[in-house]
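With this note's numbering, letter number 87 in the sequence shown gets 87, and the count goes up by one each step, no holes.
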Amino acid sequence: MTSAKKRAPTVKQLRVAKGIAKHQKVPLPEWVLKDRKACKQFIDFCQRNLPPTRDQLQRLSDLGEVTGFIPPDDVVERQYLTFMWILAVEHVVLVTEYPSFVWEEGPDDRAPTDAMISYAKLLANEQGLALPERVQKEKAACHAFIRHCLSLQPPTEKMVEAVDSYLEDLGVIIPEALLMTKISTKLLLKILSRLKDFQKGIGSELP
Numbered sequence: 001m002t003s004a005k006k007r008a009p010t011v012k013q014l015r016v017a018k019g020i021a022k023h024q025k026v027p028l029p030e031w032v033l034k035d036r037k038a039c040k041q042f043i044d045f046c047q048r049n050l051p052p053t054r055d056q057l058q059r060l061s062d063l064g065e066v067t068g069f070i071p072p073d074d075v076v077e078r079q080y081l082t083f084m085w086i087l088a089v090e091h092v093v094l095v096t097e098y099p100s101f102v103w104e105e106g107p108d109d110r111a112p113t114d115a116m117i118s119y120a121k122l123l124a125n126e127q128g129l130a131l132p133e134r135v136q137k138e139k140a141a142c143h144a145f146i147r148h149c150l151s152l153q154p155p156t157e158k159m160v161e162a163v164d165s166y167l168e169d170l171g172v173i174i175p176e177a178l179l180m181t182k183i184s185t186k187l188l189l190k191i192l193s194r195l196k197d198f199q200k201g202i203g204s205e206l207p
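1. Can you name, in chain order, every residue of its own chain whose Cβ lies under 7 Å from the Cβ of V163, other than the five neighbours on each side?
2. Assess, as a yes-or-no matter, whether the region 105-125 is touched by the region 137-144 under the definition of 3 or more beta carbon pairs within less than 8 Å.
3. Excluding the 5 residues flanking M84 on each side, which residues of the same chain have their C-beta closer than 6 Å to its C-beta?
4. Per the contact definition of three or more C-beta pairs closer than 8 Å, is the region 85-97 in contact with the region 56-71?
5. Please confirm if the region 30-44 is in contact with the region 66-78, defined as three or more CB-CB distances below 8 Å between the two stretches.
6. In chain order, which continuous runs of the alpha helix (DSSP H) of length 4 or greater are located wholly inside the region 92-148?
7. The alpha helix (DSSP H) with E182 in it runs from where to where?
8. Using the rule of at least 16 other Cβ atoms within 10 Å of the residue's Cβ for burial, across every protein chain shown, is P52 buried or exposed?
9. Where does E161 sit, in a helix, a strand or coil, going by DSSP?
10. Among A17, R48 and Q24, whose alpha-carbon lies nearest the alpha-carbon of I202?
11. I need the DSSP call for D44, collapsed to helix, strand or coil.
12. Measuring only the C-alpha atoms, how far is L129 from L63?
13. May I ask which residues mark the beginning and end of the alpha helix (DSSP H) holding G203?
14. Taking the straight line between their C-alpha atoms, what separation do you get for K6 and W103?
15. Nearest to S151 by alpha carbon, out of T181, E176, L131 and E133?
16. Along the alpha helix (DSSP H) that carries R54, what are the first and last residues, could you check?
17. Output the boundary residues of the alpha helix (DSSP H) element that contains R15.
18. Express the C-alpha separation of R15 and K196 in angstroms, rounding to a whole number.
In structure tokens, the structure reads:
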């Protein structure tokens, strides 16, 4: 009987695996580059077992002093989850400290499309914001305004329910303020999903 043909890793898998190897300053094993399953196991193993860096721990401490947010121990033990936690907390800090749209870049001669302006108006109405004149005339400003509005969007009810379900299953506690926006909640869901994977034993060993 012939063995099943191995599938090559996806582009995303290779990017993540190469990023891990580069960050750790180690060569990437040849088998990781050739087999999708092996590549996934390599990523899972690294995300489960690599400890946070000194810089990450310092950043966690700094953010904790500012926000009072304390991550679960299972997060602090892992470099990948620490990275995701820092991103989530930094986003909450950003939208809390800078809720208003500010655009100080130079003028942009390109005009936004009608679709961009319509979308910007829709988002402005959702957030109860006035639409700045530059947003209606400059493409770069319009892009920035749209990104700003999206960063303020609250999570959906389904996302919040998913977080609650994970927290109940995992028995961990997280600051409710991390559910402030859709972006921070997505990051939190990635953290909790990985914790659930690790609880099941995923990433416990290399192939």
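C-beta atoms are modelled at their ideal positions from N, C-alpha and C, and glycine is treated no differently.
Quick answer:
1. The beta carbon of V163 lies closer than 7 Å to those of L179, T185, L188, L189 and L192 in the same chain, with the five residues before and after it left out.
2. The region 137-144 is in contact with the region 105-125.
3. So the list reads L187, K190 and I191, once near-sequence residues are dropped.
4. Judged by Cβ distances under 8 Å, the region 56-71 makes contact with the region 85-97, as three or more pairs qualify.
5. No, because fewer than three Cβ pairs between the region 30-44 and the region 66-78 fall closer than 8 Å, the two stretches do not touch.
6. For the region 92-148, whole alpha helix (DSSP H) runs of length 4 or above, ordered along the chain, are 114-127 and 133-137.
7. Going by the sequence as given, residue 182 is Lys instead of Glu. For K182, the uninterrupted alpha helix (DSSP H) segment begins and ends at K182 to Q199.
8. It counts as buried.
9. Three-state DSSP puts E161 in a helix.
10. The shortest Cα separation from I202 among A17, R48 and Q24 belongs to R48.
11. Of the three classes helix, strand and coil, the one that applies to D44 here is helix, per DSSP.
12. Taking the straight line from one Cα to the other gives about 29 Å.
13. For G203, no alpha helix (DSSP H) encloses it, and the DSSP letter there is neither H nor E.
14. Cα-Cα distance, rounded: 50 Å.
15. The residue among T181, E176, L131 and E133 with its C-alpha nearest the C-alpha of S151 is T181.
16. Unbroken alpha helix (DSSP H) run through R54: R54 to T67.
17. Taken as a continuous stretch (DSSP letters only), the alpha helix (DSSP H) holding R15 covers V11 to Q24.
18. Rounded to the nearest whole angstrom, the CA to CA distance from K196 to R15 is 23 Å.
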